[in-house]
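Below: one structure, written as structure tokens.
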DNA sequence: ATTAGCACTCAAATTAAATGAGTGCTAACA
DNA sequence: TGTTAGCACTCATTTAATTTGAGTGCTAAT
């Protein structure tokens, strides 16, 4: 059997309608919904074909049809003309975004929030992460009598502050010397460069201040890990409850808990970065998700990858019911990542 | 009518039972539940009295009884002998807590998480906040050709990193001078000390580097605000869904959304700090909450105030159904705040 | 190839009946 | 006088029966 143009049109209409209502859609509805004036009977015949082809199913005998995962997939791959407007909305997003973006963390949280409230789906965003980041420099200073502050700056301007308790007071001159020592060794160092040998050499040269170095190493290692690891921010989990097919108590609880499971989200983000297409967009429908849990069964996830100038990448994800408005989500994500790329490159100039 | 000892015992039994089951409790149940061997008929008589006194109600004619807010209040104030064990659990908590507490933020998040998973209620914790914090010192350093890093340390060791774009490169010596200038003026300054006059004087003395100062002022002001404002971390919102009386779709959505409303939580934290009793514990039952929203109607909130050595205070809150296990919650909170006070004072030594 | 018509199906909504936990009251008892 | 057994009554909840209506597949006519 052929999947001709008319069948495609009908399938598209079914999916579109189901997205709106969340209810199985019947032949009568479609016969009115489309522009190809056909009677419900004809539609019924076509629907029977589409069902045979595996794009739609009846949840029970003599109910309307709902799309299968394959149906959604076809929709996403072929039917979703992304040549649509939706750009007014984007401008809005942009302004909301730029309002007060001083810290990366705040900004990412805000992105997640804005995105969730715009789309009415659950959203996540990861911080950008770097491969094998290097120490840019370390700055040691005396805070008060018994504590020093080590500021460690790592690739991508990840900054780690580390308070260190010292039991002897250092005079200015000594702090200066220590600073020079530290930077001589550590500037440009990656994690694998920091070995016992290096540590020993430094300790020797630091003499009686060797103790201070301990704290610094600790801080450096933590800073590098932080730059490598990715923070994950989520927002709008409650939106799950807005979709009847997800909102019965047990299902909702599981979804919300899964959505708080940073580990799983992390896996998803990793997978998304690897698989993303040339548009940096990746769509998982139900089972397709790399997170193999029953909870994901009922969800679709659309991810986008954004990029800092220096090559560090992060992931944005939108979690919704399978009948989510893919077109809108994809276009929103596309413009958002463009925004972000823009902002990040501006920041550096 | 008198609220004699027997009535109290019965009331206590009713509340305890209702806490377990969440179902209205009848006379028969109580006649078995208590040690004062009475028949259900007698209990019924007593219950009628308790109802007249306003401590319990029937949700509908000829159902069992459930406690009123007044009933819970009495329970909390009088009946809740806190001379109970529950200390094994605490030790556990402690260990989980200490596992990896490098950054305050991480630690607070962890506290919220552990607490939520231990109690099965929703939890929040605020960062400690300071009154009128002062700048401890500022450290300026060159990161690369066109950016500088200002590290601003404020009372309570709140550290703010501020990247500043500079369009002229500074040599080491100049950075040093600038550092001295900045610290001369800003060390020990509170927000109200930073006025136009001061800024102007500094700018004059900085000469062609006046531009750099802009960024520093901005950073200083932000840092002070951050030290003053309180971050709020929440966890376990999904626990609401575990209690049937809270878990119908609309109610749950509202609760979860309210629980994400940082503004409201902030108000609550403020109120809690002011009202807390000598034990630093404060209990809000339903309407008593300072957050006047319908959603709070069905909740009770127990808060505890913890304290950093230097006088900065933070709030921990536990949100649950009115039938929450007050005894357990209060004792958990008490030991937790002790833990925290302990940890914080250790940190400083 | 399309469509009107009709008998048929079945989830969901509605109504009805059965169940049972719990009550208040009365009268008997220690 | 306080306590209790017994009984009629209430009403949310459960279960069963029914009605409703959207939607289907098939057939025969256009």
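Protein chains in written order, with this note's numbering: chain Y, 427 to 775; chain B, 427 to 775.
C-beta atoms are modelled at their ideal positions from N, C-alpha and C, and glycine is treated no differently.
Since this is a predicted model, take the numbers as computed values, not measurements.
Asked: If we cut at 8 Å on Cβ distances, does residue 593 of chain B have a partner in chain Y?; Found: no
Asked: Is the Cβ-Cβ distance between residue 538 of chain Y and residue 661 of chain Y less than 8 Å?; Found: yes
Asked: In whole angstroms, what separates the C-alpha of residue 704 of chain Y from that of residue 760 of chain Y?; Found: 11 Å
Asked: How far does the alpha helix (DSSP H) with residue 475 of chain B in it extend, from its first residue to its last?; Found: 466 to 478
Asked: With DSSP collapsed to three states, give me the class of residue 550 of chain Y.; Found: strand
Asked: My guess is that residue 641 of chain Y and residue 590 of chain Y are in contact by the Cβ rule of under 8 Å, so how many angstroms apart are they, rounded?; Found: 4 Å
Asked: In the DSSP assignment, what are the bridge partners of residue 589 of chain Y?; Found: Y:575
Asked: Within a Cβ cutoff of 8 Å, which residues of the same chain sit near residue 653 of chain B, ignoring the five residues on either side of it in sequence?; Found: 555, 556, 559, 580, 581, 582 and 584
Asked: Over what stretch of residues does the beta strand (DSSP E) that includes residue 693 of chain B continue unbroken?; Found: Premise fails: residue 693 of chain B lies in the alpha helix (DSSP H), 688 to 701, not in any beta strand (DSSP E).
Asked: Assign residue 486 of chain Y to buried or exposed, taking buried as 16 or more other Cβ atoms, counted over all protein chains shown, within 10 Å of its Cβ.; Found: exposed
Asked: Counting only beta-carbon separations shorter than 8 Å, does residue 567 of chain Y have a partner in chain B?; Found: yes
Asked: Please say whether residue 492 of chain Y and residue 547 of chain Y have beta carbons closer to each other than 8 Å?; Found: no
Asked: According to DSSP, residue 570 of chain B sits in a beta bridge with which residue or residues?; Found: B:573
Asked: Can you give the Cα-Cα distance for residue 571 of chain Y and residue 601 of chain Y, rounded to whole angstroms?; Found: 13 Å
Asked: Buried or exposed: where does residue 670 of chain Y fall if 16 or more other Cβ atoms within 10 Å of its Cβ makes it buried?; Found: exposed
Asked: Contact criterion: CB-CB distance below 8 Å. Does residue 770 of chain Y meet it with respect to chain B?; Found: no
Asked: I want to know whether the stretch 676 to 683 of chain Y touches the stretch 707 to 716 of chain Y - three or more CB-CB distances under 8 Å.; Found: no
Asked: Short check: CB of residue 478 of chain Y to CB of residue 427 of chain Y, under 8 Å?; Found: yes
Asked: Which whole-angstrom value describes the C-beta separation of residue 490 of chain Y and residue 452 of chain Y, a residue pair presumed to lie in contact below a C-beta threshold of 8 Å?; Found: 4 Å
Asked: Cβ of residue 646 of chain Y less than 8 Å from any chain B Cβ?; Found: no
Asked: Does the beta carbon of residue 585 of chain B come closer than 8 Å to any beta carbon on chain Y?; Found: yes
Asked: Closer than 8 Å, Cβ to any Cβ of chain Y: which residues of the stretch 539 to 570 of chain B, in chain order?; Found: 562, 563, 565, 567, 569 and 570
Asked: Report the rounded CA-to-CA distance for residue 702 of chain Y versus residue 613 of chain Y, giving the unit in angstroms.; Found: 34 Å
Asked: Use the C-beta contact count for residue 553 of chain Y: other C-beta atoms within 10 angstroms, 16 or more gives buried, fewer gives exposed.; Found: buried
Asked: Using only alpha-carbon positions, find the residue among B:461, B:466, B:462 and B:448 that is nearest to residue 455 of chain B.; Found: B:466
Asked: Quick one: what does DSSP say residue 757 of chain Y is sitting in, helix, strand or coil?; Found: helix
Asked: Taking residue 739 of chain Y as the reference, which of Y:750, Y:562 and Y:695 has the closest Cα?; Found: Y:695
Asked: Less than 8 Å between CB atoms is the rule here; does residue 489 of chain B satisfy it with respect to chain Y?; Found: no
Asked: So the candidates are Y:650, Y:604 and Y:631; which of them puts its Cα closest to the Cα of residue 618 of chain Y?; Found: Y:650
Asked: Cutting at 7 Å between CB atoms, please list the residues of its own chain near residue 749 of chain B, excluding the five before and the five after it.; Found: 444, 445 and 448
Asked: Quick check on this structure: which residue in Y:685, Y:692, Y:464 and Y:693 has the alpha carbon closest to the alpha carbon of residue 663 of chain B?; Found: Y:685
Asked: Under a Cβ-count criterion, where at least 16 other Cβ atoms within 10 Å of its own Cβ denotes burial, should residue 741 of chain B be classed as buried or exposed?; Found: buried
Asked: Leaving aside the five residues before and after residue 715 of chain B along the sequence, list all residues of the same chain whose C-beta is less than 8 Å from its C-beta, in chain order.; Found: 694, 722, 725 and 727
Asked: Is the Cβ of residue 574 of chain B closer than 8 Å to any Cβ of chain Y?; Found: no
Asked: Can you have a look at residue 532 of chain Y and say buried or exposed, based on whether 16 or more other CB atoms are within 10 angstroms of its CB?; Found: exposed
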